[in-house]
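Chemist: Dropping the structure in here first, questions after.
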Amino acid sequence: MMALPSGFRFQPTDQELLVCYLRRKIHNLPLPCNVIKEIELRNHDPWEICRLGEKVESNCYFFNPTVKNNWNCGRPIRVANNGHWKPTARDKPIYDNRNKKVGTKKSLAFKNLRGKKTNWLMDEYMITKLDKWVLSCIYKKKRNQKKKRTSNSEVKRTDEDDQNLPTNIRKGDQETTCDADNDRNADEDSFEGQLLDLAKLVLH
């Protein structure tokens, strides 16, 4: 196995995790790269697993052995020191490019000893319940960021806003007012010119 070269990111799809990694792990075949380690989920809290495993981006991938002492009445035991893993939805079937089912994906959330849901989540990939391994991915849910509010200085004026303004400062009426002022000034200039001409005639 080889490690990822510098500059490469480990972002496999669900299908690739099942076919290229989990299936090859079950059949003792060489894996594409040395990124996913073997960690037993039982008796380990999620933050401990992230320290033990290989953290890629914000996710922690690892192979979890499905030995007999990890199962109870046909159900896997997912109990840790400070809580347990609880499924949050039904298993999601994963298909390959030929629309053939290659495994399932289960979504789980970590609950503390009081039964309160935490921000730790896990995706568990399985081919069959008879296999010796499952592939898990643990990550921490990001908190929802609050939407930024636009400040008053950033708010742009619209035509609807102009309708709510006084008449003398609306866009359209402002142009009309300017035109009327120009016409009035022109009439006053013409009248003053006529008075000057009349005065010149009287003096002569």
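One gets the numbering used here by counting positions in the sequence shown from 1 and adding 966 to each. We put the CB at the ideal spot given by N, CA and C, even for glycine.
With distances taken from CA atoms, which of 992, 1074 and 1102 is nearest residue 1050?
Modeler: Taking the sequence shown and counting its residues from 1, the one referred to as residue 1050 is at position 84. Cα-wise, what sits closest to residue 1050 is 1074.
Chemist: Is there contact here, the stretch 1096-1110 with the stretch 985-998, by at least three beta-carbon pairs under 8 Å?
Modeler: yes
Chemist: Could you check whether the Cβ of residue 1076 sits closer than 7 Å to any Cβ belonging to chain B?
Modeler: The chain inventory of the structure shown lacks chain B, comprising one protein chain alone.
Chemist: Provide the residue span of the beta strand (DSSP E) that contains residue 999, from first to last.
Modeler: In the sequence shown, the residue the question calls residue 999 occupies position 33. Unbroken run through residue 999: none, as it is neither H nor E.
Chemist: Please classify residue 1012 as buried or exposed, where buried requires at least 16 other C-beta atoms within 10 Å of its C-beta.
Modeler: As a position in the sequence shown, residue 1012 is number 46, starting the count at 1. By the 10 Å Cβ count, residue 1012 comes out buried.
Chemist: Taking just the CA atoms, how far does residue 1044 sit from residue 1009?
Modeler: Counting from one through the sequence shown, the residue named residue 1009 turns up at place 43. Counting from one through the sequence shown, the residue named residue 1044 turns up at place 78. Straight-line spacing of the CA atoms in residue 1009 and residue 1044 works out to 8 Å.
Chemist: Within a Cβ cutoff of 8 Å, which residues of the same chain sit near residue 1062, ignoring the five residues on either side of it in sequence?
Modeler: Here residue 1062 is taken as the residue at index 96 of the sequence shown, counted from 1. Excluding sequence neighbours, residue 1062 sits near 981, 985 and 1068.
Chemist: Buried or exposed: where does residue 1055 fall if 16 or more other Cβ atoms within 10 Å of its Cβ makes it buried?
Modeler: Taking the first residue of the sequence shown as 1, we reach residue 1055 at position 89. Flag for residue 1055 reads exposed.
Chemist: By the DSSP assignment, the alpha helix (DSSP H) with residue 1016 in it spans what residues?
Modeler: Indexing the sequence shown from 1 puts residue 1016 at position 50. Start and end: 1012-1018.
Chemist: Alpha carbons only, please: which of 1103, 1004 and 1005 is nearest the one belonging to residue 1088?
Modeler: Residue 1088 sits at position 122 when you count from the first residue of the sequence shown. The shortest Cα separation from residue 1088 among 1103, 1004 and 1005 belongs to 1103.
Chemist: What residues are listed by DSSP as bridge partners for residue 1075?
Modeler: Here residue 1075 is taken as the residue at index 109 of the sequence shown, counted from 1. The partner list for residue 1075 (beta bridge, DSSP) reads 1052 and 1087.
Chemist: Between residue 1004 and residue 1029, which are expected to be in contact by the criterion C-beta below 8 Å, what is the C-beta distance as a whole number of angstroms?
Modeler: As a position in the sequence shown, residue 1004 is number 38, starting the count at 1. As a position in the sequence shown, residue 1029 is number 63, starting the count at 1. With a contact defined as Cβ atoms closer than 8 Å, residue 1004 and residue 1029 qualify at about 5 Å.
Chemist: Cα separation between residue 1095 and residue 1059?
Modeler: In the sequence shown, residue 1095 corresponds to position 129, counting from 1. In the sequence shown, residue 1059 corresponds to position 93, counting from 1. Those two C-alpha atoms are separated by around 14 Å.
Chemist: Roughly how many angstroms separate the alpha carbons of residue 988 and residue 1091, rounded to a whole number?
Modeler: What you label residue 988 is simply residue 22 of the sequence shown in a count that begins at 1. What you label residue 1091 is simply residue 125 of the sequence shown in a count that begins at 1. The straight-line gap from Cα to Cα measures roughly 8 Å.
Chemist: Mapping DSSP to helix, strand and coil, what is residue 1082?
Modeler: The residue given as residue 1082 occupies position 116 in the sequence shown. Coil at residue 1082, not helix or strand.
Chemist: Could you please give me the residues that DSSP links to residue 1070 through a beta bridge?
Modeler: As a working note, residue 1070 is residue 104 in the sequence shown. Paired residue(s): 1059 and 1092.
Chemist: Give me the DSSP bridge partner(s) of residue 1104.
Modeler: Mapped onto the sequence shown, residue 1104 falls at position 138. Paired residues: 1026 and 1088.
Chemist: Run through the DSSP bridge pairs and tell me what residue 1031 is partnered with.
Modeler: Position 65 of the sequence shown holds residue 1031. Answer by DSSP bridge pairing, in chain order: 1099.
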